[in-house]
Amino acid sequence: MKRFHDLNIKVYVLFLALLAVSCIPEQQSIGDAGQTFVKLHPSVYNMLAFDAKTTPQSGMLFEIRRDVPNNKELNTTTTVVLQYDENGAILAKYNTDHKTTYVPLPTTLGTVSPAIAGGKLTVNLDAGEIGKAIMINVPAAGNFDFSKNYALAFKVLSVSGTGKLSADVDETIVCEVLAKNKWDGVYSVTGTFVDYINAPWTGIYPKIVELRTTGAATCSKYDTDYGVYGYIFETGGGASQFGAWTPAFIFDASNNVNVVNTSVDSPARGRTAELYTGEGAVNKYFPATKTMEVGYYLKQLNVSPQLRSLVTEKYTYKGPR
Numbered sequence: 040m041k042r043f044h045d046l047n048i049k050v051y052v053l054f055l056a057l058l059a060v061s062c063i064p065e066q067q068s069i070g071d072a073g074q075t076f077v078k079l080h081p082s083v084y085n086m087l088a089f090d091a092k093t094t095p096q097s098g099m100l101f102e103i104r105r106d107v108p109n110n111k112e113l114n115t116t117t118t119v120v121l122q123y124d125e126n127g128a129i130l131a132k133y134n135t136d137h138k139t140t141y142v143p144l145p146t147t148l149g150t151v152s153p154a155i156a157g158g159k160l161t162v163n164l165d166a167g168e169i170g171k172a173i174m175i176n177v178p179a180a181g182n183f184d185f186s187k188n189y190a191l192a193f194k195v196l197s198v199s200g201t202g203k204l205s206a207d208v209d210e211t212i213v214c215e216v217l218a219k220n221k222w223d224g225v226y227s228v229t230g231t232f233v234d235y236i237n238a239p240w241t242g243i244y245p246k247i248v249e250l251r252t253t254g255a256a257t258c259s260k261y262d263t264d265y266g267v268y269g270y271i272f273e274t275g276g277g278a279s280q281f282g283a284w285t286p287a288f289i290f291d292a293s294n295n296v297n298v299v300n301t302s303v304d305s306p307a308r309g310r311t312a313e314l315y316t317g318e319g320a321v322n323k324y325f326p327a328t329k330t331m332e333v334g335y336y337l338k339q340l341n342v343s344p345q346l347r348s349l350v351t352e353k354y355t356y357k358g359p360r
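Shown next as structure tokens:
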């Protein structure tokens, strides 16, 4: 992953290396070495996107894994019991902590395998197994309500048999389940970037971008090259970005494109995205070629001119994400 610095934050970090350890006290943890540990992978959050069609599909929500130190323990059994978030308490906490709006996925839209029984999911890792996938079966993702953000949540209740829950990962997981709209996918992007305050700044193109479904006709823009939401540019001293400023796109029935900002910015800066409609503006998605041409401004309240940067881009579809 490429690295960059943020224009708004200067962080000064002092590393002090104290390497005067000659032995490990008996009571001190040495991590997971020499023991069997059970983990959720990934922990905390995962996302699974289905094609918006009316035929059955399935996918992996997450895995239960065990790290075993030797063949003896590998040839034993571990049983993991997870609590399904039936009352929505895990999702509610996650929504509060992360400012999300997830709601439980109805069983009519998706069922979990192994099956949930009595609000619990029981998984056996038999001899020779180091992991097992928790799957979801979706009969018709095209029936999803795009106005809702669906998710499933689980918490590890117990680990019995060989091993114990690892302290290195979270004991809960939230799995977002969504249906992709027709614009969702991986794109190669070319374009231009002009900043009217700092003329030497330039755009970084070509780049790979994912358009990620956020609604029936909306997609967020994720910079795959840098692994972030945001617009990345070159300052001459390295790659940077405008805080969390993240353009996102809205498509109408005629495939016209509008742009909005999906990030939270300080009131003083008040950065937003504004569609460019001047000379040469296209702002259109072309279904026949799966390409998009769009132009947009970065508008920032505490500078002059407030329309401080202009971005023009062409997106060419590479495949599904």
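Going by the numbering used here, the sequence shown opens with residue 40, and the numbers climb by one from there.
The beta-carbon is built from N, C-alpha and C at its ideal position, and this holds for glycine as well.
{"Query": "Can you find the residues in the same chain that come closer than 8 Å, C-beta to C-beta, to GLY170, ignoring five residues on each side of it along the sequence?", "Result": "HIS80, GLU102, ILE103, ARG104, ARG105, LEU164"}
{"Query": "What do you reckon, is the C-beta of GLY202 under 7 Å from a heavy atom of the ligand FMN?", "Result": "As far as ligands go, the structure on display features none, and thus does not contain the ligand FMN."}
{"Query": "What residue range does the alpha helix (DSSP H) around ASN134 cover?", "Result": "128-137"}
{"Query": "DSSP three-state call for GLY181: helix, strand or coil?", "Result": "helix"}
{"Query": "Mapping DSSP to helix, strand and coil, what is LYS246?", "Result": "strand"}
{"Query": "Let's test the definition: count the other Cβ atoms within 10 Å of the Cβ of GLU318 and tell me whether it reaches 16, buried, or not, exposed.", "Result": "exposed"}
{"Query": "Look up LEU217 in the DSSP assignment and say whether it is helix, strand or coil.", "Result": "strand"}
{"Query": "For ALA327, would you say it is in contact with chain B, using Cβ-to-Cβ distances shorter than 8 Å as the test?", "Result": "Among the chains in the structure shown there is no chain B, since it carries only a single protein chain."}
{"Query": "With a CB to CB cut of under 8 Å and the five nearest residues on each side skipped, what residues in its chain are close to VAL50?", "Result": "Confidence at VAL50 is low in this model, with a pLDDT of 34, below 50, so its placement is unreliable and the value that follows should be read with caution. The answer is none, since no qualifying residue turns up."}
{"Query": "Do the CB positions of ASN269 and THR252 come within less than 8 Å of each other?", "Result": "It is Gly, not Asn, that sits at residue 269 in the sequence shown. In this structure, THR252 does not lie closer than 8 Å to GLY269 by Cβ."}
{"Query": "Mind checking whether SER227 and LYS357 have CB atoms under 8 Å apart?", "Result": "yes"}
{"Query": "Is the CB-CB distance between GLU249 and VAL267 below 8 Å?", "Result": "no"}
{"Query": "For CYS214 and GLY149, I'd like the C-alpha separation in whole angstroms.", "Result": "12 Å"}
{"Query": "Going by the DSSP bridge assignment, what does GLU352 pair with across the sheet?", "Result": "GLY230, VAL333"}
{"Query": "My output table needs one value for LEU144: the three-state DSSP class, helix, strand or coil.", "Result": "coil"}
{"Query": "Am I right that ILE175 and SER259 are in contact with their C-beta atoms under 8 Å? What's the rounded C-beta distance?", "Result": "Not a contact, Cβ separation roughly 22 Å."}
{"Query": "For MET212, is the classification buried or exposed, using 16 other Cβ atoms within 10 angstroms of its Cβ as the cut-off for buried?", "Result": "According to the sequence provided, residue 212 is Ile. The question's Met does not apply to it. The residue in question, ILE212, is buried, as its Cβ has 16 or more Cβ neighbours within 10 Å."}
{"Query": "Which residues in the same chain as GLY73 place their Cβ atom closer than 8 Å to its Cβ, once the five residues preceding and following it in sequence are excluded?", "Result": "PRO108"}
{"Query": "Enumerate in chain order the residues of its own chain whose CB-to-CB distance from VAL342 is below 7 Å, with the five nearest sequence positions on each side excluded.", "Result": "ILE236"}
{"Query": "Distance, Cα to Cα, ILE247 vs TYR265?", "Result": "9 Å"}
{"Query": "Which residues does DSSP pair with TYR324 in a beta bridge?", "Result": "MET331"}
{"Query": "Based on Cα-Cα distance, which residue from THR231, VAL296, THR140, GLN122 lies nearest to GLY157?", "Result": "GLN122"}
{"Query": "Pull up the distance between the alpha-carbon of THR330 and that of GLY275, whole angstroms please.", "Result": "30 Å"}
{"Query": "Could you please give the first and the last residue of the uninterrupted alpha helix (DSSP H) stretch that includes LEU113?", "Result": "110-113"}
{"Query": "Keeping to the same chain, check which residues put their C-beta closer than 6 Å to that of ASN300; ignore five residues upstream and five downstream.", "Result": "THR311, ALA312"}
{"Query": "DSSP on LEU340, reduced to helix/strand/coil?", "Result": "coil"}
{"Query": "How about LEU144 and ALA190: are their beta carbons less than 8 Å apart?", "Result": "yes"}
{"Query": "Distance check for MET99 and ASN126, CA to CA, integer angstroms please.", "Result": "23 Å"}
{"Query": "What span of residues does the beta strand (DSSP E) with LYS159 cover, start to end?", "Result": "159-164"}
{"Query": "If you drop the 5 nearest sequence neighbours on each side, which residues of the same chain put their C-beta closer than 8 Å to that of PRO239?", "Result": "THR274, GLY275"}
{"Query": "Looking at the secondary structure, which residues open and close the beta strand (DSSP E) in which PHE291 lies?", "Result": "Note that residue 291 is Asp in the sequence shown here, rather than Phe. Note, ASP291: premise wrong, no beta strand (DSSP E); not H, not E."}
{"Query": "Expressed to the nearest angstrom, what Euclidean distance is found between the alpha-carbon atoms of TYR315 and ASP291?", "Result": "17 Å"}
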